[in-house]
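Peer 1: The numbering of the sequence shown is the numbering used here, which starts it at 2 and goes up by one.
First, the structure itself, so that you have it in front of you.
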Amino acid sequence: MLQPGEPEERRAVAQLTVALLPALNQVSAVLGGGQGSPPDSWAEALRLGLDGCHRLYPVLRQSLLRAARRRDAAAAATATATTA
Numbered sequence: 002m003l004q005p006g007e008p009e010e011r012r013a014v015a016q017l018t019v020a021l022l023p024a025l026n027q028v029s030a031v032l033g034g035g036q037g038s039p040p041d042s043w044a045e046a047l048r049l050g051l052d053g054c055h056r057l058y059p060v061l062r063q064s065l066l067r068a069a070r071r072r073d074a075a076a077a078a079t080a081t082a083t084t085a
């Protein structure tokens, strides 16, 4: 979820994607590719990716909850207007 900019992507020799199920604290996917990176670099990248997932989760959760509340409020207002 931490997306590098285009200049960083062009300079990168390796890429790593990490997906996390935060409620279970379980990694659901790891996808990596590239060349020339020692195992320690991959381990550090994985740690950074997981840290990013843990930091973004509360922000994304709040955003989704707010959107759901707005949707529910709009649906309730429409239902009230339709029955009136």
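In this text, a Cβ means the ideal position worked out from N, Cα and C, and glycines have one as well.
Going along the chain, which residues of its own chain have a beta-carbon closer than 6 angstroms to the beta-carbon of A20, five neighbours each way excluded?
Peer 2: For the purposes of this step, residue 20 is taken as the residue at position 19 of the sequence shown. Here the set comprises S29 and A30.
Peer 1: Our contact map puts L17 next to G33 with C-beta atoms below 8 angstroms; I'd like the distance itself, whole angstroms only.
Peer 2: Translated into positions along the sequence shown, residue 17 becomes position 16. Translated into positions along the sequence shown, residue 33 becomes position 32. With 8 angstroms as the limit, L17 and G33 qualify as a contact, their Cβ atoms being about 4 angstroms apart.
Peer 1: Using DSSP with H/G/I as helix, E/B as strand and the rest coil, what is S29?
Peer 2: The residue you call residue 29 lines up with position 28 of the sequence shown. In the structure shown, S29 sits in a strand (DSSP, three-state: E or B).
Peer 1: What does DSSP give as the partner residues of L21 in its beta bridges?
Peer 2: Translated into the one-based positions of the sequence shown, residue 21 becomes position 20. In DSSP, L21 forms a bridge with V28.
Peer 1: What are the start and end residues of the alpha helix (DSSP H) that includes S42?
Peer 2: Locating residue 42 in the sequence shown gives position 41, where the first residue counts as 1. Run containing S42: P40 to T84, per the alpha helix (DSSP H) assignment.
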